[in-house]
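Enquirer: Heads up: the protein sequence lines correspond to chains R and W, in order.
The numbering of the first sequence is this note's numbering, which starts it at 14 and goes up by one.
The numbering of the second sequence is this note's numbering, which starts it at 14 and goes up by one.
Heads up, the beta-carbon is just placed ideally off N, CA and C, and yes, glycines get one too.
Quantities reported herein were computed from a predicted structural model and do not represent experimental measurements.
There are 2 protein chains.
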Amino acid sequence: MTDTLRKYTREKIQQKDFDCAKEYTLSMFSGKYKIVIIYHLFHDGTMRFNAIQRLLDDATHKMLAQQLKELAADGLVTRREEMTNNRKAVYYSLTPTGASLMPIIEAMFSWGTNRLDALQLENNFKLQ
Amino acid sequence: MTDTLRKYTREKIQQKDFDCAKEYTLSMFSGKYKIVIIYHLFHDGTMRFNAIQRLLDDATHKMLAQQLKELAADGLVTRREEMTNNRKAVYYSLTPTGASLMPIIEAMFSWGTNRLDALQLENNFKLQ
DNA sequence: CGGTATCCTCTTCGATACTG
DNA sequence: CAGTATCGAAGAGGATACCG
C-alpha cells in the first residue's frame, strides 16, 4: 500500500482535507529504500545516483530512480544536474525538510534496536 | 511493500541479522490502518473488534482482522476472548510495547502537521 | 460476533532494453 | 551516467460466503 498511501494523502490534501498528518508523514518515508536513502544523505552528504545505488546493492536501477523522483517531488531531496565534458552527473542532497525527518528515523532506529534486544533476551530465557 | 517489508525483516532477524532496526520499526506500523489502530487503542483503551471497525469506517472486515492478527503477533496488541451466553466478544488492547511506539507516532503527527502548514503558506504566497 | 477461505482485480516491482 | 518504457510475475486488498 506504500504508494497507494502516498496517492491517498496527496489527494486528501488537495481536497483541503488535512486530517491525515501522521499518514502523510508515513507516506514520506515508507517507499522502498527511502529511509536508507535519507539516512545516508544525512550522514554522508551529497551523493551521485550511482554512489547511492552502490550503497543499496540490492536496489534496482528503476526502483531507485523512482524513489528519488518521489523524494524530490515531496521536497525532501534536491536534484542537481551537471555536465562535464559530455558526461552527465546528477547529485542528490537532503533538503532541510528532509533532514527534519531524521529525529523520527533515529527514534525508529533506537526503538527497533531496543525491541530486538528485548526479543533476544526472551528467546534466551526460553532456550534455557 | 508493506507486508513484504514485514516478512523481509522477520526473515533477516531469524537469520540473526539484526542490521535492520529502522526497517523493523517501520514494519511494525506500516500496515493498513495500523497507526490509527494503535492511536485509538492508546487514547480510548480496550476495544472490541466491532468498535474498532466502526472507528475505521472504510476498513473491510478482512483487512482489519488481518492487521489485528499481525499486531498481536508482533506483541503490540493483546487479544482477549470472552464468552457471554453463547456470544463471543473479543477485546483488543495495547501492550506496553505497543504503547512505547506512541512517541514516534506523535512525532509523525506533529511533523506532518507542521509540514502541511508550511506547504499551505507556500501556496498562499504563490496565489498572491 | 469475530475469523478465515476463495476469487478476482489492481498495483508493485524486477528484468530487460532503449534513449540522451 | 541517469532516466524511462515495456512486460511479466508476485503481492495487496476488496467482495462475498461460510464456520465457530
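1. What are the residues in the stretch 90-122 of chain R lying within 9 Å of chain W by C-beta distance?
2. So, helix, strand or coil for threonine 73 of chain R, using DSSP?
3. Can you name the start and end residues of the alpha helix (DSSP H) that threonine 17 of chain R belongs to?
4. Is the beta carbon of leucine 187 of chain W sitting closer than 8 Å to the one on serine 43 of chain R?
5. Exposed or buried, which one is arginine 93 of chain W when buried takes at least 16 other CB atoms within 10 Å?
6. Determine the chain W residues that contact methionine 14 of chain R at a beta-carbon separation under 7 Å, and present them in chain order.
7. Leucine 114 of chain R lies in the alpha helix (DSSP H); which residues open and close that run?
8. Spatial neighbours of lysine 47 of chain R within its chain, please: C-beta separation below 7 Å, excluding the five flanking residues on both sides.
9. Would you check if the distance between the CB atom of serine 113 of chain W and the CB atom of tryptophan 124 of chain R is smaller than 8 Å?
10. State the DSSP-derived secondary structure class of threonine 97 of chain R, mapped to helix, strand or coil.
11. So is aspartate 57 of chain W buried or exposed if we call it buried at 16+ other beta carbons inside 10 Å?
12. How many angstroms separate the CA atom of leucine 77 of chain W from the CA atom of lysine 45 of chain R?
13. Would the stretch 25-37 of chain R and the stretch 60-71 of chain R be scored as touching if the rule is three or more Cβ pairs under 8 Å?
14. Kindly indicate if chain W contains any beta-carbon less than 8 Å away from that of threonine 59 of chain R.
15. Give the DSSP-derived three-state secondary structure of threonine 108 of chain R in the structure shown.
16. Please state whether the Cβ-Cβ distance between leucine 160 of chain R and threonine 108 of chain R is less than 8 Å.
17. What would DSSP say about threonine 91 of chain R, mapped onto helix, strand or coil?
18. For chain W, check one thing: does any of its Cβ atoms lie closer than 8 Å to the Cβ of leucine 68 of chain R?
19. With the cut-off set at 8 Å, would you say tyrosine 105 of chain R and glutamate 95 of chain R are in Cβ contact?
20. So who's on the other strand from arginine 61 of chain R, going by DSSP bridges?
21. Taking only beta-carbon atoms, is isoleucine 51 of chain W less than 8 Å away from chain R?
22. Is there a Cβ from chain R that is less than 8 Å from the Cβ of glutamate 36 of chain W?
23. Quick check: the Cα distance between glutamine 28 of chain R and threonine 15 of chain R, rounded to an integer number of angstroms?
24. Between which two residues does the alpha helix (DSSP H) holding serine 40 of chain R run?
25. Are phenylalanine 55 of chain W and methionine 115 of chain W close, meaning C-beta to C-beta below 8 Å?
Expert: Looking at the coordinates:
1. Thr110, Ser113, Leu114, Pro116, Ile117, Ile118, Glu119, Ala120, Met121 and Phe122
2. coil
3. 15-27
4. Nothing can be reported for residue 187 of chain W: it is not among the residues displayed for chain W, which extend from 14 to 141.
5. exposed
6. Thr15 and Lys45
7. Run containing leucine 114 of chain R: none; DSSP gives neither H nor E here.
8. Gln80 and Leu84
9. yes
10. strand
11. exposed
12. 24 Å
13. no
14. no
15. coil
16. Lying outside 14 to 141, the shown extent of chain R, residue 160 of chain R is not represented and no answer is given.
17. strand
18. no
19. no
20. R/Tyr104
21. no
22. yes
23. 20 Å
24. 34-42
25. yes
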